[in-house]
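Report on the following structure.
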Amino acid sequence: MKLQIKTMLILLTAFLTIIVLFSGFVYLSVSNYSYEDFYKLLEIRAVTAAKAELDQEGGSEEMIALRNQFFEKLPQEKDRYYRITPGESFTDEAKALDVPVSFFNAVLKGGSGEYSKNSMFYKGIRYKSKLGEYVVVASAQNYFELHHSAYLRRTLILAIGAAFLFSALIALYFSRYVFRPLRKITDRVKEISSENLHLRLENNMNNDELSDLTRTFNNMLDRIETSFETQNNFISNASHELRTPLTAIIGEADVTLSKIRTTDEYIETIKVILDEAETLDRKTKALLFLAQTGFNGKNQKFDKLRIDQLLWDVKETIEKINTNSRIHIDTSLLPENPLKLKIKGNEQLLHLALSNIISNACKYSNNRQVNVSIGASDQNVFIIVKDHGIGIPEKELKYIYDPFFRASNTLKYEGYGIGLPLTRNIIRLHNGEIIVTSMVGEGTTVQINLPIGQFEL
Amino acid sequence: MRVQQFCILNRKTKNAMEKTVLVPTDFSIASLSIVRTYLNAQPAGTKLNIILLHGLHQTDSITSLLFFSKSKMIQELVSKEFDEACHVLRNKFASQINSMRKDVFTGFTQAAFNQYAEAKKIDEVCLPVLYNPKFKNRNSFDLLPYIKASNLAIETIGSEVDVPMPEKGKVAELFFSRVSVS
Chain A
1323 MKLQIKTMLI LLTAFLTIIV LFSGFVYLSV SNYSYEDFYK LLEIRAVTAA
1373 KAELDQEGGS EEMIALRNQF FEKLPQEKDR YYRITPGESF TDEAKALDVP
1423 VSFFNAVLKG GSGEYSKNSM FYKGIRYKSK LGEYVVVASA QNYFELHHSA
1473 YLRRTLILAI GAAFLFSALI ALYFSRYVFR PLRKITDRVK EISSENLHLR
1523 LENNMNNDEL SDLTRTFNNM LDRIETSFET QNNFISNASH ELRTPLTAII
1573 GEADVTLSKI RTTDEYIETI KVILDEAETL DRKTKALLFL AQTGFNGKNQ
1623 KFDKLRIDQL LWDVKETIEK INTNSRIHID TSLLPENPLK LKIKGNEQLL
1673 HLALSNIISN ACKYSNNRQV NVSIGASDQN VFIIVKDHGI GIPEKELKYI
1723 YDPFFRASNT LKYEGYGIGL PLTRNIIRLH NGEIIVTSMV GEGTTVQINL
1773 PIGQFEL
Chain B
596 MRVQQFCILN RKTKNAMEKT VLVPTDFSIA SLSIVRTYLN AQPAGTKLNI
646 ILLHGLHQTD SITSLLFFSK SKMIQELVSK EFDEACHVLR NKFASQINSM
696 RKDVFTGFTQ AAFNQYAEAK KIDEVCLPVL YNPKFKNRNS FDLLPYIKAS
746 NLAIETIGSE VDVPMPEKGK VAELFFSRVS VS
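Those protein sequence lines, which keep their order, are chains A and B. Mapping of the first sequence onto the numbering used here: residues 1323 to 1779, in sequence order. Mapping of the second sequence onto the numbering used here: residues 596 to 777, in sequence order.
Here it is as C-alpha cells:
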C-alpha cells in the first residue's frame, strides 16, 4: 500500500500548503492594515492636540471639551510638544523618549514620522502654530497589537490544526477510494493459483484503465488455462483411448499363449492383434494432432478459416478415434454467401474445441446420431451440436464449466471433466460464446457463436 | 417511350415472381421455424417479401399517441436471439428473400386489418398447424381471428407433433425446428 500512503501525503501537503499560505496572507494583511490605521489615528490625535493646546484662541475651550468628551483615551496615550529652534537637534528629547533621533529628523524633514517599539507607537508631525513651529508627538499603546493580533494568531493556528485534521481524513478516504479497485484486484489475484485457474476477476464494464487491466488479466488467465488444459486433455484422452486397444492386444496374446494352438489359430490371433495395433496407431496419430497446440506454445496464430471446412476435418478426426460415431453435418441453413462462414481464429484450437464437443455428444449418446448444424447471421457464425443422449441434470448445468466436474448421471462413462472447460476457454479466446441447454433423457444441445471475421472478397 | 415500356415490362416480370407473405408471430424463434419451412417449400426463383406481424394494442392515453414509435415498440418486443435468427434465415435464403420486416399491427377492427393487408399488398398468410402463440407483453393479442375473417389465402405448414426441445429460446431452436424434423 505504498502508493496509497504516497498519494495521501501528496494530497495532505497540497492541502496544508494552501492553508498555511492563506492564513499567512490573512495575518499579514490584517496586521499591516491595523498598523496603518493606528498611525492615522495617532496623527488625528496629534493634530487635534496641537490645535487645542498650541493655538490658544477662540473656540479652543470647546475644542478641548469636545476632545475630552468624544475621543476615547487610548491606553497610555500621551501628546508631547517640542518647539523647533533652527540649528538644534532633538538628541536629548529622543533619549528621554527612548526613540531614535532619525524619527525626529524624519519629522523635521518630511513633516511626519512613525516609530514603534514593543507595542508602543509614536507618530510625529510638524505643526505650524501662531507661536512658532512645533514637533507634536502622539504616542499610545496599540490595542490591536496587545489583544487582537494574539487572538488572530490563535484563531489561525487553531484553524490550521482543524483543517489539517480534516484534510488528513479526506486524503485518507480519497486514497482508499482511489485504490480500492486495485486492492480488490490484488486480493482476487492472490486467490488464483494453478488449482483454481478457472476463477476470473469480475469486470464492471466501465471503460477506464482499471477495467482494461482486469480484461487484460482475464485474457491472460484464459490463455494460461487453455494451455494447462490442453495438456490435461491430452493425457485424459490418451489414457482412455489408448487403453482399450492395448487391453485387447494383451488379452488376445495372453489367451493364445496359454496353450499350444494350431497354425490357423495363430494366424487369427495375429490378425486381431494387427488390427488393434492399427487402431492404436490411428488413434495415437489423431490424438497427437489434437495435442499439438498444447505443447508448442508459439503456435497461437489467428488466421482466417472456414467453419464448414473445419467441421468436416473435425468429423474425420473423430471418426478416426471412434469408428462407431455417427455424425451428421446438416448444411440446410448454410448461408449462400461463403464469406459469412469465414472467421478469424486458430484452427488447431478450434479443432480441439469442436472435437471435444462433438466427441462428447457421441460418447454420452452411446453413438447415436449427432446432428451438427451451421448457420450464420451478419455478426456470428452458429455451430449447433445436438445429440439424443443422457442429457445434463438442470441443477448441474451451472457447474459444467468447472474443471473436473462431472454430472451425476455420467458414472457409466469414462472421463475427467476437462473437455468442456477447455472448450469454453478456446471459445472465449475467440470472443465467442457457448450455450449449453439440456434435458435429462432427451439430449443436449450445444450452441457455439463465433464472431464473423468481416473479410472482404 | 422505350424506357417506359421497359419499366412496365420489368414490373410485370417482377410481379409474376414476387410475393408478399404475412406471418403472424409472437417474436419467438419457433415462429421463425415456420418461415424456414415455408421458404423450403417455395419453388426456386420466387422473390418473397416477408412481413412478421405482431398484434399489439395501444393504450388510449394521449402521451402514448404523442410518442408513438413503431421501431421502438418492436425493439422492446424483439430479443437479440430473434434478430440473429432472422439474419441466419436471410443469409440462408439470400436469393429468395427480397425483404424481411418486423411490424406491429395496432388496429382494433376487421376493417383496419383489411386495410393493412391491402396497403402492404399481402398475397398469402403463412400459418403453422400448431398455432399456439405465447405472448410476453400483456397488450399483445392474437391475429388469428382477423386473418380468418379476411379473405386472404392461407398456407398451413408443419406437423402436429410437438417435440420437447432443450434449446427453447436460443438461436439453436431454428436449426432443429419441430416442423423440419427429418
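Each residue gets a CB set at the ideal place from its N, CA and C atoms; glycine is no exception.
- By alpha-carbon distance to Gly1346 (chain A), the top candidate from A:Ser1411, A:Glu1358 and A:Ile1479 is A:Ile1479.
- A Cβ-Cβ contact shorter than 8 angstroms links Phe1624 (chain A) with Lys1666 (chain A).
- In terms of Cβ geometry, Thr1591 (chain A) and Pro1567 (chain A) do not form a close pair [threshold 8 angstroms].
- Phe1412 (chain A) counts as buried, since at least 16 other C-beta atoms from the protein chains shown sit within 10 angstroms of its C-beta.
- Between Ile1643 (chain A) and Ala1608 (chain A), the beta carbon gap of about 5 angstroms places them in contact (Cβ cut-off 8 angstroms).
- Taking C-beta separations shorter than 8 angstroms and ignoring five residues to either side along the sequence, the partners of Asp621 (chain B) in its chain run His649, Pro728, Lys729, Phe730, Lys731 and Ser735, following chain order.
- Of all residues in the segment 1683 to 1701 of chain A, the ones placed with a Cβ closer than 8 angstroms to any Cβ belonging to chain B are Asn1693, Ser1695, Gly1697, Ala1698, Ser1699, Asp1700 and Gln1701, in chain order.
- When only Cα atoms are considered, Ser664 (chain B) and Val630 (chain B) end up about 26 angstroms apart.
- Three or more beta-carbon pairs separated by less than 8 angstroms link the segment 1668 to 1683 of chain A to the segment 1626 to 1639 of chain A, which places the two stretches in contact.
- In chain order, Arg1522, Leu1523 and Asn1525 place their CB closer than 8 angstroms to the CB of Asn1540 (chain A), counting only its own chain and leaving out the 5 sequence neighbours on each side.
- Taking 8 angstroms as the cut-off, the Cβ atoms of Phe1426 (chain A) and Glu1415 (chain A) count as close.
- Assigned with DSSP and collapsed to three states, His649 (chain B) falls in strand.
- Take Val1352 (chain A), set aside five residues on each side of it, and the residues of its chain with a beta-carbon closer than 7 angstroms to its own are Leu1474, in chain order.
- Scanning its chain for C-beta atoms nearer than 6 angstroms, with the 5 sequence neighbours on each side dropped, one finds around Glu1574 (chain A) the residues Thr1591, Val1594 and Ile1595, in chain order.
- Pairwise C-beta distances place the segment 1706 to 1713 of chain A in contact with the segment 1757 to 1766 of chain A, as three or more of them are shorter than 8 angstroms.
- Scanning A:Leu1504, A:Phe1501, A:Phe1443 and A:Leu1376 for the CA closest to the CA of Lys1450 (chain A) turns up A:Leu1376.
- The beta carbons of Gly1754 (chain A) and Leu1772 (chain A) sit about 4 angstroms from each other, so the pair counts as a contact at 8 angstroms.
- Note on Val1577 (chain A): under 16 other CB atoms within 10 angstroms of its CB, so exposed under the neighbour-count rule.
- For Arg1475 (chain A), the three-state secondary structure derived from DSSP is helix.
- Within the same chain, and ignoring the five residues on either side of Gly1739 (chain A) in sequence, the residues whose Cβ sits closer than 6 angstroms to its Cβ are Phe1726, Phe1727 and Arg1728.
- In chain order, Leu1655, Leu1656, Pro1657, Glu1658, Asn1659, Lys1662, Gly1697, Ala1698, Ser1699 and Asp1700 make up the part of chain A whose C-beta sits under 9 angstroms from the C-beta of Asn686 (chain B).
- Of all residues in the segment 1763 to 1774 of chain A, only Glu1764, Gly1765, Thr1766, Thr1767, Val1768, Gln1769 and Asn1771 place a beta-carbon less than 9 angstroms from a beta-carbon of chain B.
- As the crow flies, the alpha-carbon of Leu722 (chain B) is around 39 angstroms from that of His1752 (chain A).
- Taking a Cβ-Cβ threshold of 7 angstroms, the residues of chain A close to Glu679 (chain B) are Ser1699 and Asn1702, in chain order.
- The beta carbon of Lys1708 (chain A) sits closer than 8 angstroms to some beta carbon of chain B.
- Your pair Glu1598 (chain A) and Ala1570 (chain A) checks out as a contact, with CB atoms roughly 5 angstroms apart and the cut at 8 angstroms.
- About 27 angstroms separates the beta carbons of Pro638 (chain B) and Leu738 (chain B), which is beyond the 8 angstroms limit, so they are not a contact pair.
- Taking the C-beta atoms as reference points, Ile1706 (chain A) is found nearer than 8 angstroms to Ala767 (chain B).
- Sixteen is the threshold: since fewer than 16 other Cβ atoms of the shown chains lie within 10 Å of the Cβ of Pro1408 (chain A), the residue is exposed.
- DSSP places Thr1548 (chain A) in the uninterrupted alpha helix (DSSP H) bounded by Glu1531 to Leu1579.
- Taking the CA atoms as reference points, Ser1654 (chain A) sits about 10 angstroms from Phe688 (chain B).
- A straight line joining the alpha-carbon of Leu1610 (chain A) with that of Ala636 (chain B) spans about 46 angstroms.
- Counting only runs of at least 4 residues, the segment 687 to 744 of chain B fully encloses the following alpha helix (DSSP H) elements, listed from N- to C-terminal order: 705 to 714 and 739 to 744.
- 8 angstroms or more divides the Cβ of Leu1364 (chain A) from the Cβ of Lys1431 (chain A).
- When the beta-carbon positions are compared, Gly1775 (chain A) and Lys1626 (chain A) come within less than 8 angstroms of each other.
- Think of a sphere of 7 angstroms around the beta carbon of Ser690 (chain B): the chain A residues whose beta carbon falls inside it are Glu1658, in chain order.
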